[in-house]
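Right, one structure below, let's go through it.
Protein chains: 2
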Amino acid sequence: MAGDLPVSPLAPAGFPDLPVVAGVWLSTVATGIKYQGRHDLLVCEVAEGTTVAGTFTKSKTCSAPVDWCKKAAAGGEARGLIVNAGNANAFTGKAGDQVVETCIAAVADQLACRPSRVFCASTGVIGEQLPADKIVSQIASAWGKMAATDAAQWQRAANAIMTTDTFAKGAGQTVKIGDADVHIAGIAKGSGMIAPDMATMLSFVFTDARLPASVMQNLLGPLVDQSFNSITVDSDTSTSDTVLLMATGAAAGQPTIKSHDDPQLDGFKAALDAIFKDLAQQIVRDGEGASKFISVRVAGAENDLAARRIALSIANSPLVKTAIAGEDANWGRIVMAVGKAGEMADRDKLTIRIGGHAVAENGVAVDGFNEAPVAAHMKNDEIDISVDVGIAAGQATVWTCDLTHGYISINADYRS
Amino acid sequence: MAGDLPVSPLAPAGFPDLPVVAGVWLSTVATGIKYQGRHDLLVCEVAEGTTVAGTFTKSKTCSAPVDWCKKAAAGGEARGLIVNAGNANAFTGKAGDQVVETCIAAVADQLACRPSRVFCASTGVIGEQLPADKIVSQIASAWGKMAATDAAQWQRAANAIMTTDTFAKGAGQTVKIGDADVHIAGIAKGSGMIAPDMATMLSFVFTDARLPASVMQNLLGPLVDQSFNSITVDSDTSTSDTVLLMATGAAAGQPTIKSHDDPQLDGFKAALDAIFKDLAQQIVRDGEGASKFISVRVAGAENDLAARRIALSIANSPLVKTAIAGEDANWGRIVMAVGKAGEMADRDKLTIRIGGHAVAENGVAVDGFNEAPVAAHMKNDEIDISVDVGIAAGQATVWTCDLTHGYISINADYRS
Numbered sequence: 000m001a002g003d004l005p006v007s008p009l010a011p012a013g014f015p016d017l018p019v020v021a022g023v024w025l026s027t028v029a030t031g032i033k034y035q036g037r038h039d040l041l042v043c044e045v046a047e048g049t050t051v052a053g054t055f056t057k058s059k060t061c062s063a064p065v066d067w068c069k070k071a072a073a074g075g076e077a078r079g080l081i082v083n084a085g086n087a088n089a090f091t092g093k094a095g096d097q098v099v100e101t102c103i104a105a106v107a108d109q110l111a112c113r114p115s116r117v118f119c120a121s122t123g124v125i126g127e128q129l130p131a132d133k134i135v136s137q138i139a140s141a142w143g144k145m146a147a148t149d150a151a152q153w154q155r156a157a158n159a160i161m162t163t164d165t166f167a168k169g170a171g172q173t174v175k176i177g178d179a180d181v182h183i184a185g186i187a188k189g190s191g192m193i194a195p196d197m198a199t200m201l202s203f204v205f206t207d208a209r210l211p212a213s214v215m216q217n218l219l220g221p222l223v224d225q226s227f228n229s230i231t232v233d234s235d236t237s238t239s240d241t242v243l244l245m246a247t248g249a250a251a252g253q254p255t256i257k258s259h260d261d262p263q264l265d266g267f268k269a270a271l272d273a274i275f276k277d278l279a280q281q282i283v284r285d286g287e288g289a290s291k292f293i294s295v296r297v298a299g300a301e302n303d304l305a306a307r308r309i310a311l312s313i314a315n316s317p318l319v320k321t322a323i324a325g326e327d328a329n330w331g332r333i334v335m336a337v338g339k340a341g342e343m344a345d346r347d348k349l350t351i352r353i354g355g356h357a358v359a360e361n362g363v364a365v366d367g368f369n370e371a372p373v374a375a376h377m378k379n380d381e382i383d384i385s386v387d388v389g390i391a392a393g394q395a396t397v398w399t400c401d402l403t404h405g406y407i408s409i410n411a412d413y414r415s
Numbered sequence: 000m001a002g003d004l005p006v007s008p009l010a011p012a013g014f015p016d017l018p019v020v021a022g023v024w025l026s027t028v029a030t031g032i033k034y035q036g037r038h039d040l041l042v043c044e045v046a047e048g049t050t051v052a053g054t055f056t057k058s059k060t061c062s063a064p065v066d067w068c069k070k071a072a073a074g075g076e077a078r079g080l081i082v083n084a085g086n087a088n089a090f091t092g093k094a095g096d097q098v099v100e101t102c103i104a105a106v107a108d109q110l111a112c113r114p115s116r117v118f119c120a121s122t123g124v125i126g127e128q129l130p131a132d133k134i135v136s137q138i139a140s141a142w143g144k145m146a147a148t149d150a151a152q153w154q155r156a157a158n159a160i161m162t163t164d165t166f167a168k169g170a171g172q173t174v175k176i177g178d179a180d181v182h183i184a185g186i187a188k189g190s191g192m193i194a195p196d197m198a199t200m201l202s203f204v205f206t207d208a209r210l211p212a213s214v215m216q217n218l219l220g221p222l223v224d225q226s227f228n229s230i231t232v233d234s235d236t237s238t239s240d241t242v243l244l245m246a247t248g249a250a251a252g253q254p255t256i257k258s259h260d261d262p263q264l265d266g267f268k269a270a271l272d273a274i275f276k277d278l279a280q281q282i283v284r285d286g287e288g289a290s291k292f293i294s295v296r297v298a299g300a301e302n303d304l305a306a307r308r309i310a311l312s313i314a315n316s317p318l319v320k321t322a323i324a325g326e327d328a329n330w331g332r333i334v335m336a337v338g339k340a341g342e343m344a345d346r347d348k349l350t351i352r353i354g355g356h357a358v359a360e361n362g363v364a365v366d367g368f369n370e371a372p373v374a375a376h377m378k379n380d381e382i383d384i385s386v387d388v389g390i391a392a393g394q395a396t397v398w399t400c401d402l403t404h405g406y407i408s409i410n411a412d413y414r415s
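Okay, structure coming up:
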């Protein structure tokens, strides 16, 4: 599918110039499983002593690779990663579990490590058996081409994991921990929260910082909540969503970090936060059929979780999303979405702003409000919706895209 | 808006021939508030001693009429009903409450009854003040035209409450309670679960059975759960959804009924159940942009509530709905929707049938299954999806429609 669709109008200007992350080597090859004429398999080797943390889909019908990674992540150590695009190995029963074990064993042999230190992810069609032999037969040649992580290599890696994505997604930074320069580079793929034919959300973020696995897991949860768990394209949750954060420890001269609260980590945490949000927003910018990038900010909710639920209710509403596609500042649909969220709200305290302009205050339309600046804002590529519920201090921001004829065309007209 | 859109291809052949319900009188008039050249106000008088039960939206931003009806329904007695189309009187603050009180007072004066026995509903645009004077000034002339409920009068009533509906919705039956013939007639409107510009879900069902208010409320809850709470068009919940059931007691020769479990009510309950489901399914058949009517049956869930949640997760999934619009038997998207429902499911016990044909069993695609009959079923106007979760005995059925370019056109392209 990749390549059939025009590049999203919301795509960044180009792939970023990601830094070399010491202790990470990458390679990509073509398996021919689904795609012809492109690389569809990414293999990564990470240095001895690399720590890892993961966050996975909450789907009750998750894929075989997700089942594997959940168990492996509990060990906190990594040596390798293998990712294929074109077949999700989801809803493939016990045979699917066996395919995972076969592929993992082949990588573990190559690395002479325990299988539990090898991670995997698969994205693509659901319900078809993934042919393990087509992957295993490529492992040796993939390892033969392993290379350090320069900018071109990161871009190749990001390209290899794409399915319905219309552009490759990456983000990175170089920051200080103590006096040491540490590097962070991440890649991601996804263009619906899911389209089981092809799309799911995967992200792999690597750093050469040296961090215990317990610190990594403590870092990852809040980062994912504020980024990948704060985006929605179509409210559908993939069977395969996977975020892995790996730290090789290979940057020179680092201080010893024992807690995620260590103030020496402040700059690093801010950089990770920015990278996670950047990758998550790139997925929204590649949302199926998207013509507008929408930020939904909710304040004044009972607590932060209530704020996120209200924000997601707005961001998932087909009626809000179609109104924005039509450049219609239809705040009545926003009121509806606040009401259906089920969280505390007071009709007579609600304030709604569009593009910074108040359209409704204290539960009624703003008397004689000037429509012109709001109408002008609705013509932008980036739309800001802000709601104050008027109950307490809970707040959240989520990102989504509009719902257009393009979404219907991609998901109904192009048959699998 | 009504009249601008072509009649849904899923509409019934015509408006049904509804029976006269003794003790109910109807009248419709034009207020000119939103629509020109059509009746948009329905007024009903019901006999002294009429009992009433109601079910309302769970929205936290519900409309002023819903606030009124919730309180009034607690009294269990009714003498009148007034319904306007074109303005929802929602998100109109204290002024909106005042409009309700003014209109209710005018009807109560006409009937010489307590205001708390008068019910009201409004449907249409959100956030605009409803001009009470345009309603109050019509009350006397509306009462002057009050007439018994023959079939033509029911059809006029169903027409008067339409907004984006493309056809008028009614259902009725005549059944026995003891030796007495009792009559039931209901009308409804709605074409999205909501489109706050215009659409919401309202239904009013009248009978000349004689039933205590407590029996009425006990009857209503399960009926609504199996009908109006088992449909979805776009997952959006209206600020104004209202179902009222009124019983005049005016049919001759009825036995005294004290409990909703009285076996003399069995036939009556079955008729009410059929009428509620018929009206609810007509709303789905008029779903914005609908080209296919979809039944989703879930069995084998932990309990009936879990089954309904899984069924609604499937019915609300944009990816399932677009696949059906594209006549694509994409059962991978059904697996995804089962997984995201959050209810107990076992990947390796899941069975999925489309049009009665098993496409996946025990968590994997059916080996070598014949695609031809499934593909043929997908071309029908009516699509059956059946899922067995394989956990326990919980079951539920919900109804929805597909998601098409028509939905986008109605909600994005046609600006308010």
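The listed protein sequences correspond, in order, to chains A and B. When the first sequence is numbered by numbering that gives the first Met the number 0, its final residue is 415 and no position is left out of the sequence of numbers. When the second sequence is numbered by numbering that gives the first Met the number 0, its final residue is 415 and no position is left out of the sequence of numbers. From the three backbone atoms N, C-alpha and C, an ideal C-beta is built for every residue, glycine too.
1. Nearest by alpha-carbon distance to G17(B): which of L278(B), K291(B) and I32(B) is it?
2. What did DSSP end up calling H404(B) once you bin it into helix, strand or coil?
3. According to DSSP, which residues form a beta bridge with M245(B)?
4. Starting from A94(B), follow the alpha helix (DSSP H) in both directions and report where the run begins and ends.
5. How long is the line joining the alpha carbons of C119(A) and F166(B), rounded to whole angstroms?
6. Which value, in whole angstroms, describes the spacing of the CA atoms of I183(A) and S58(A)?
7. Quick one: complete beta strand (DSSP E) runs, 3+ long, within the segment 305-393 of chain A?
8. In chain order, what residues of the same chain have a beta carbon less than 8 Å from the beta carbon of I103(B), not counting five sequence neighbours either side?
9. Buried or exposed for P64(B), please, with buried defined as at least 16 other CB atoms from any protein chain shown within 10 angstroms of its CB.
10. Assess, as a yes-or-no matter, whether the segment 297-315 of chain B is touched by the segment 389-404 of chain B under the definition of 3 or more beta carbon pairs within less than 8 Å.
11. Exposed or buried, N158(A), counting other C-beta atoms within 10 Å across all chains shown (16 or more means buried)?
12. Relative to the C-alpha of I256(B), which residue among S226(B), D401(B), K175(B) and M200(B) is closest?
13. Whole alpha helix (DSSP H) runs in the segment 126-188 of chain B with 4 or more residues, listed along the chain?
14. Counting along the chain, where does the alpha helix (DSSP H) carrying F14(B) start and finish?
15. Using the beta-carbon of each residue, which ones in chain B are nearer than 9 Å to C61(A)?
16. I293(B) by DSSP, collapsed to three states: which one?
17. The beta strand (DSSP E) that contains A120(A), what's its start and end?
18. Using the three-state DSSP reduction, which class does I81(A) fall into: helix, strand or coil?
19. May I have the straight-line CA-CA distance separating L219(A) from I384(B), to the nearest angstrom?
20. Looking only at its own chain, which residues have a Cβ that is under 7 Å from the Cβ of P130(A), when we skip the five neighbours before and after it?
21. Do you know offhand how far D345(B)'s Cα is from D96(A)'s?
22. I want to know whether the segment 332-347 of chain A touches the segment 286-302 of chain A - three or more CB-CB distances under 8 Å.
23. At 9 Å on the CB atoms, spell out the chain B contacts of H404(A), in chain order.
24. From the DSSP output, in three-state form, read off C68(B) for me.
25. Look at the alpha carbon of P5(B) and the alpha carbon of S229(A), and state the distance between them as a whole number of angstroms.
26. For chain A, check one thing: does any of its Cβ atoms lie closer than 8 Å to the Cβ of D207(B)?
27. Consider the Cβ of M335(B): report whether some Cβ of chain A lies at a distance smaller than 8 Å.
28. Is it buried or exposed, P15(B), if we count other Cβ atoms within 10 angstroms and call 16 or more buried?
29. What residue does the alpha helix (DSSP H) around S213(A) start on, and which one ends it?
30. So with Cβ pairs under 8 Å, would you call L304(A) a contact of chain B?
31. Can you tell which of S136(A), N83(A) and V124(A) has its C-alpha closest to the C-alpha of Q109(A)?
32. When the cut-off is 8 Å and only beta carbons count, does P8(B) lie next to chain A?
33. At 9 Å on the CB atoms, spell out the chain A contacts of L349(B), in chain order.
34. How many Å lie between R209(B) and Q253(B) at the Cα?
35. For chain B, check one thing: does any of its Cβ atoms lie closer than 8 Å to the Cβ of A190(A)?
36. Under 7 Å Cβ to Cβ from G338(A), same chain only, skipping five residues before and after it: list those, please.
From the atom records:
1. Correcting the residue identity first, residue 17(B) is Leu in this sequence and not Gly. When each option's Cα is compared against that of L17(B), the closest is L278(B).
2. helix
3. V51(B) and F205(B)
4. G92 to L110
5. 53 Å
6. Straight-line Cα distance between these residues: approximately 29 Å.
7. 350-353, 356-360 and 381-387
8. W67, I81, P114, V117 and C119
9. buried
10. yes
11. Buried, since its Cβ has 16 or more Cβ neighbours within 10 Å.
12. K175(B)
13. 131-143 and 150-159
14. Careful: F14(B) lies outside any alpha helix (DSSP H) and carries neither H nor E.
15. G338 and R346
16. strand
17. V117 to V124
18. strand
19. 39 Å
20. I32
21. 15 Å
22. yes
23. H404, I407, S408, A411 and D412
24. Note: C68(B) maps to helix in three-state DSSP.
25. Roughly 39 Å separates the two Cα atoms.
26. no
27. yes
28. buried
29. A212 to D224
30. No - not a single Cβ of chain B is within 8 Å of the one on L304(A).
31. S136(A) is the residue among S136(A), N83(A) and V124(A) whose C-alpha sits nearest the C-alpha of Q109(A).
32. no
33. T60 and F90
34. 7 Å
35. In the sequence as presented, Ala is not what sits at residue 190(A); that position holds Ser. S190(A) does not count as touching chain B.
36. A344
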